[in-house]
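Chemist: Going by the numbering used here, the final residue of the sequence shown carries number 878, and the count climbs one at a time with no gaps.
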Amino acid sequence: MFETIASTAETRLREPHATGPHALASYNSFTSGAAAKSLSSIDGARRQNLESLTTEPAIARVVVLPEDGKPLVYYICRHTAESIPGSPHKLAGRNTPAGRLASLDVGDDYELRTPGGLQSVQIVEKALLHAFSNRQGWDSRDSILKTGAYGPVTVISMRDLLDGADLAAEEENLLDAILAEDEKAANILDGIKRNVITKMGLRDQPILDRYQDEIFRLSLDSQLLIVGPPGTGKTTTLIRRLGQKADREYLNEQERVLIDRAVGDSQLSHSDSWLMFTPTELLKQYLKEAFAREGIAAPDQKISTWTKYRHDLARNHFRILRGSTGGGSYVLKDIDPLLPEVLASQTEWFEDFAAWERSDFWDELVTAASAMSRNKSAVAGRLGERAETIVRRTEQSPLSSALVEIVDLSGEAQTMLDTLKTASDSLLRSHLNLAVNRDRQMLHEMAAFLDALGSDDDESEDADSDDEEEGQSPKTRLAVAAATFSRNIRSQARARISGRTLSKNTRAGKIATWIADRTLAQPELRELGESLQLQTALRRFTNPVRRYVNGLPARYRRFRRMRQAEGTWYSSTQASAADAGPLEIDAMLLCSLRTLSGLARERGVVRRIDEPVFGAIKEFLGLTRNQVMVDEATDFSPLQLACMGELSNPRISSFFACGDFNQRITSWGSRSTVDMKWAFPRIEVRPIQVTYRHSEQLSHLASEIVRLCSGESVDVVLPKDVNSAGVDPVLATRLSNHIDIVDWLVARIIEIEKLTTPLPSVAILVNDEEAVGPLADSLKIALSNSNLNVVPCHDGQFVGQENDIRIFDVQHIKGLEFEAVFFIGVDELAQRRPELFDKYLYVGATRAATYLGMTCDGPALPNKIIELADLFKSDWQI
């Protein structure tokens, strides 16, 4: 059957393309470039599927018994299957409904969807296959076979099994007969053979178990967190779901309606409309290989760390971080102005800010509406009264629906604002022109003064300039001087009308002192102040959505200053008002994203999305994707996860994440399902317990680490019928000398190679980045006679060849897996990072599948885990 499928695929690859641009000539309705691109991509996808079938014809064979009693044989393919003319057997891609047959067990009943409707079948035989071709022909290695009568058994070579027509009986030589019979017996193993991890990469699991399979087939609009211990296939399930849901062919009618409703939010096709977040660059690179194996292109634009993505959002899409041409309010610094205890109560801190900033924004609207209604202009007065009525009526409504009502005032407010602004700009331009005519060197002198003055983080001028329309930034020294001159006179006019003076200690006050009598006369200054005051009030209503988003950084600054003075949330020391830490940026982004997402769900907004007043919402929709996924979700804070969730298209709200709370290795990470429920009130949490990575010994050790360190138990189940026997972990104490550590590692690595040939994947974990290089250099020399290569993975970089021994700083290895792991200086780690020691230990220990070695500088394991000493041996000499 392998030969039939592969040769059929090869024949079809040589045929002229059935689709593509040339196929459009006869169809006038399909002459657009979009249609050509669509058909071309279909043709490319089919070619990719055919090429896959030539190298891997099938991954499973399942025999089912329908109600009519006539057995049906299904061959399940990794990707889309092709029909085989004249074959009595059926082919199905694993992402189709029929593909679920491979994940069920013998004896299970299943409602199989067929062209004729639902058909009830029972699974009676099942074989998981690993196809490969050599000179002798097709074969399947380490196949797992099971029927109702026997199994499961692992067959090392299917070809040897099927060709073995009792060869031993034909041998005249007794020795040859005995050896042939022994070889045949060794080809069949009782139970399921554990695979050795031979290279650094996510293991290939072409068929998911029944629970994973059920999860990845959930509806596109689901929100789900998969939790479970290491090695349970959480990430594999995530990637498989992405592949299935990104292909329209596998979507049901309801899911297709969802993505059709989302069309127009982005120029991306549904297959490209996804995002995945990982906590580290190393894990990101590690996952790319797994994506490639599934035939999914995963460029940096689709899979990213939150650190990089947050920076792009805050700098290039929201006015939070400053750019080279200005625009933002803050400089992102690796600081933490929050009190230490806030990390455990981030959601309360955020909710305090969100409630305060919403109230502050609304107070601005109330004040602006009152100022308009009191204005001597009758037109402004009537508009102000209407605005005041709407604002007070909607004050307690959800922010999104309230903003929609206020938007209806924007047209009239903009018309009046344009008239007033034209007049005030003309006045300032004329005054500046007059000043330059009186003193042609004034702008040169002012430019020199500004150079000497420099820049600071004074907020008073920022607050004033926030009321001005965005325009092109001045590019020359004289243009900057001219703009600053006019802006400062505006500040003087505002101060005059509000009955205050500019402080001489501020930047604005120093500039006003330099301008001196070159300012406007007092009556003109007062008149300008009245106009600017009304313009400020009107501007609150011209584009309330964008004003809300753009004003968030200033509101956060006021909130921080107020709470800091109260001694709440923030420490008493703050280096600069312009500096902000990562969690502070997250808080501002979440407020913006939640509001814009809520507005995008409003029916009235959907119909009017192309109106300029809703431009901010349209831009936001361009950032959203049809699927958002997160790997190692517990390393992200609840605020960060909520931000990621808001990047899911609001008309679909698809969010899938996986993680393990026992593996959280960041101080800000999510600590429980309570944090997840805060970020996603309707999220479903599904535990999976079967771990496919660890030997019996290492699985027990991992559970004991959690029990001793947290007092909790871990629900771990080893896979049924799998031979999970391994070797005990090893421990060396009083090993602080660099040379002694290298000698010990060499001895253990050579033991591993004797037990598992060729040498499987090996990782060595150290406690800091500075230790990576020196240990790699020494170990490379020590292993040179064994022709084994050692690679330092600085900053968690994905480097080296398959069989290289890699050395990492422990903080970078989240989500990776190796056959052997050595953890150097665990007692030193306990002293360095007492608050996260148990998490790092658990994560590091669970990277190993079979071989785990630990060293201590001192005489024993740290007190927290000293009870585990009896689980360790001194070496692996068997």
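From the three backbone atoms N, C-alpha and C, an ideal C-beta is built for every residue, glycine too.
With a threshold of 7 Å on Cβ separation, who are the neighbours of Glu916 within its own chain once the five nearest residues in sequence on each side are excluded?
Modeler: Nothing can be reported for residue 916, as the shown portion of the chain is limited to 1 through 878.
Chemist: Determine, using beta carbons only, whether Asn767 and Arg664 come nearer to each other than 8 Å.
Modeler: Position 767 of the sequence shown, counting from 1, holds the residue named residue 767. Position 664 of the sequence shown, counting from 1, holds the residue named residue 664. Not a contact, by the Cβ cut-off of 8 Å.
Chemist: Quick one: what's got a C-beta closer than 7 Å to Arg358's C-beta in the same chain, skipping five residues either side?
Modeler: Translated into the one-based positions of the sequence shown, residue 358 becomes position 358. These residues qualify, in order along the chain: Leu399.
Chemist: Would you say Glu445 and Ile497 are within 8 Å of each other, going by their C-beta atoms?
Modeler: Within the sequence shown, numbered from 1, the residue matching residue 445 stands at position 445. Within the sequence shown, numbered from 1, the residue matching residue 497 stands at position 497. Not in contact: Glu445 and Ile497 (Cβ atoms no closer than 8 Å).
Chemist: When the Cα of Glu348 is compared with those of Arg14, Thr855, Leu639, Ser699, which residue comes out closest?
Modeler: Along the sequence shown, one-based indexing puts residue 348 at 348. Considering only alpha carbons, the answer is Leu639.
Chemist: Should Ser572 be labelled buried (16 or more other beta-carbon atoms within 10 Å of its own) or exposed?
Modeler: Counted from its first residue, the sequence shown places residue 572 at position 572. Exposed: under 16 other Cβ atoms inside 10 Å.
Chemist: When the cut-off is 8 Å and only beta carbons count, does Lys146 lie next to chain B?
Modeler: The structure shown contains no chain B; it is built from a single protein chain.
Chemist: Just how far apart, CA to CA, sit Asn723 and Asp715?
Modeler: Position 723 of the sequence shown, counted from the first residue, corresponds to residue 723. Position 715 of the sequence shown, counted from the first residue, corresponds to residue 715. So the two alpha carbons sit approximately 19 Å from each other.
Chemist: Measure the alpha-carbon distance for Ile617 versus Arg319 and round it to whole angstroms.
Modeler: Here residue 617 refers to the residue found at position 617 of the sequence shown. Here residue 319 refers to the residue found at position 319 of the sequence shown. C-alpha separation (whole angstroms): 15 Å.
Chemist: Output the distance between the C-alpha atoms of Ser29 and Gly44, rounded to the nearest integer angstrom.
Modeler: One-based indexing of the sequence shown puts residue 29 at position 29. One-based indexing of the sequence shown puts residue 44 at position 44. Any reading at Ser29 is ruled out, since the residue's pLDDT is 39, under 50, leaving its predicted position unreliable.
Chemist: With which residues is Thr154 paired in a DSSP beta bridge?
Modeler: Numbered from 1 along the sequence shown, position 154 holds the residue referred to as residue 154. Bridge partners of Thr154: Ile144, Leu189.
Chemist: Do you know how far the Cα of Phe655 is from the Cα of Gly645?
Modeler: Your numbering for residue 645 matches position 645 in the sequence shown. Your numbering for residue 655 matches position 655 in the sequence shown. Whole-angstrom Cα-Cα distance: 6 Å.
Chemist: Please specify which runs of the alpha helix (DSSP H), each continuous and at least 4 residues long, are wholly inside the segment 554-612, giving them in chain order.
Modeler: Listed in chain order, they are 582-600, 603-607.
Chemist: Going by Cα to Cα distance, which pick from Tyr150, Lys146, Thr154 is closest to Asp140?
Modeler: Taking the first residue of the sequence shown as position 1, residue 140 is located at position 140. Contrary to the premise, residue 140 reads as Ser rather than Asp in this sequence. It is Thr154.
Chemist: Pick out the complete alpha helix (DSSP H) segments inside the segment 267-338, 4 residues or longer, and give them in chain order.
Modeler: With a minimum length of 4 residues, the continuous alpha helix (DSSP H) runs that stay inside the segment 267-338 are 281-293, 306-312.
Chemist: Assign Gln535 to one of two classes, buried (16 or more other C-beta atoms within 10 Å of its C-beta) or exposed (fewer than that).
Modeler: Counting from 1 along the sequence shown, the entry for residue 535 is found at position 535. The residue in question, Gln535, is buried, as its Cβ has 16 or more Cβ neighbours within 10 Å.
Chemist: Around the C-beta of Thr422, are 16 or more other C-beta atoms found within 10 angstroms, so that it is buried, or is it exposed?
Modeler: For this step, residue 422 is matched to residue 422 along the sequence shown. So Thr422 ends up on the exposed side.
Chemist: Can you list, in chain order, the residues of its chain with a C-beta nearer than 6 Å to that of Ile752? Leave out the 5 residues immediately preceding and following it.
Modeler: Numbered from its first residue, the sequence shown carries residue 752 at position 752. Excluding positions up to five away in sequence, the list reads Ala820, Tyr851.
Chemist: Which word fits Phe132, buried or exposed, when buried means at least 16 other C-beta atoms lie within 10 angstroms of its C-beta?
Modeler: Here residue 132 refers to the residue found at position 132 when the sequence shown is read from its first residue. Exposed.
Chemist: Can you give me the start and stop residues for the beta strand (DSSP E) that Lys126 sits inside?
Modeler: For this step, residue 126 is matched to residue 126 along the sequence shown. Taken as a continuous stretch (DSSP letters only), the beta strand (DSSP E) holding Lys126 covers 117-128.
Chemist: Bridge partners for Glu684 per DSSP, in chain order?
Modeler: For the purposes of this step, residue 684 is identified with residue 684 of the sequence shown, where counting begins at 1. Beta-bridge pairing links Glu684 to Leu224.
Chemist: Compute the Euclidean distance between the alpha carbons of Gly295 and Gly659, then round it to the nearest angstrom.
Modeler: Residue mapping note: residue 295 aligns to position 295 of the sequence shown, counting from 1. Residue mapping note: residue 659 aligns to position 659 of the sequence shown, counting from 1. Approximately 24 Å between the Cα atoms of the pair.
Chemist: Between the beta-carbon of Trp891 and the beta-carbon of Leu829, is there less than 8 Å?
Modeler: Because the chain here runs from 1 to 878, residue 891 falls outside it and cannot be looked at.
Chemist: Rounded to whole angstroms, how far is the Cβ of Trp678 from the Cβ of Leu583, which I believe are closer than 8 Å?
Modeler: Taking the sequence shown and counting its residues from 1, one reaches residue 678 at position 678. Taking the sequence shown and counting its residues from 1, one reaches residue 583 at position 583. Not really, about 15 Å apart at Cβ, beyond 8 Å.
Chemist: Measuring alpha carbon to alpha carbon, tell me which residue in Arg159, Glu125, Arg78, Lys126 is nearest Arg135.
Modeler: Within the sequence shown, residue 135 is the residue found at index 135, counting from 1. Measuring from the Cα of Arg135, the nearest candidate turns out to be Arg159.
Chemist: Excluding sequence positions up to five away, which residues of its chain have a Cβ less than 7 Å from the Cβ of Ser373?
Modeler: Counting from one through the sequence shown, the residue named residue 373 turns up at place 373. Gly381, Gly384, Glu385, Glu388, listed in sequence order.
Chemist: DSSP state of Tyr692, grouped into three classes?
Modeler: Counting from 1 along the sequence shown, the entry for residue 692 is found at position 692. It is coil, neither helix nor strand.
Chemist: Thinking C-alpha only, which one of Val404, Thr147, Asn626 is nearest Gly604?
Modeler: Indexing the sequence shown from 1 puts residue 604 at position 604. Cα-wise, what sits closest to Gly604 is Val404.
Chemist: Among Ile805, Met276, Thr506, which has the Cα closest to the Cα of Leu641?
Modeler: Within the sequence shown, the letter at position 641 stands for residue 641. The candidate whose alpha carbon is nearest that of Leu641 is Met276.
Chemist: What residue range is occupied by the uninterrupted alpha helix (DSSP H) comprising Gly645?
Modeler: Here the question's residue 645 lines up with position 645 in the sequence shown. Counting along the chain, the alpha helix (DSSP H) containing Gly645 begins and ends at 638-646.
Chemist: In angstroms, rounded to a whole number, what distance separates the CA positions of Leu218 and Val628?
Modeler: Within the sequence shown, numbered from 1, the residue matching residue 218 stands at position 218. Within the sequence shown, numbered from 1, the residue matching residue 628 stands at position 628. Each residue's alpha carbon lies about 14 Å from the other.
Chemist: Roughly how far, in whole angstroms, is the beta-carbon of Phe350 from the beta-carbon of Leu731, given that I think they are within contact range, below 8 Å?
Modeler: One-based indexing of the sequence shown puts residue 350 at position 350. One-based indexing of the sequence shown puts residue 731 at position 731. Between Leu731 and Phe350 the Cβ distance is about 44 Å, and since that is not below 8 Å, they are no contact.
Chemist: How about Ile688: is its Cβ closer than 7 Å to a heavy atom in the ligand GDP?
Modeler: No copy of the ligand GDP occurs in the structure displayed, which carries no ligand at all.
Chemist: Give every residue of the same chain whose Cβ lies closer than 6 Å to the Cβ of Arg546, excluding the five residues on either side of it in the sequence, and list them in chain order.
Modeler: Along the sequence shown, one-based indexing puts residue 546 at 546. Hits under 6 Å: Ala616.
Chemist: Secondary structure at Lys873, three-state DSSP: helix, strand or coil?
Modeler: One-based indexing of the sequence shown puts residue 873 at position 873. Strand at Lys873.
Chemist: Between the C-alpha atoms of Asp579 and Ser324, what's the straight-line distance to the nearest angstrom?
Modeler: Taking the first residue of the sequence shown as 1, we reach residue 579 at position 579. Taking the first residue of the sequence shown as 1, we reach residue 324 at position 324. Taking the straight line joining both Cα atoms gives about 16 Å.
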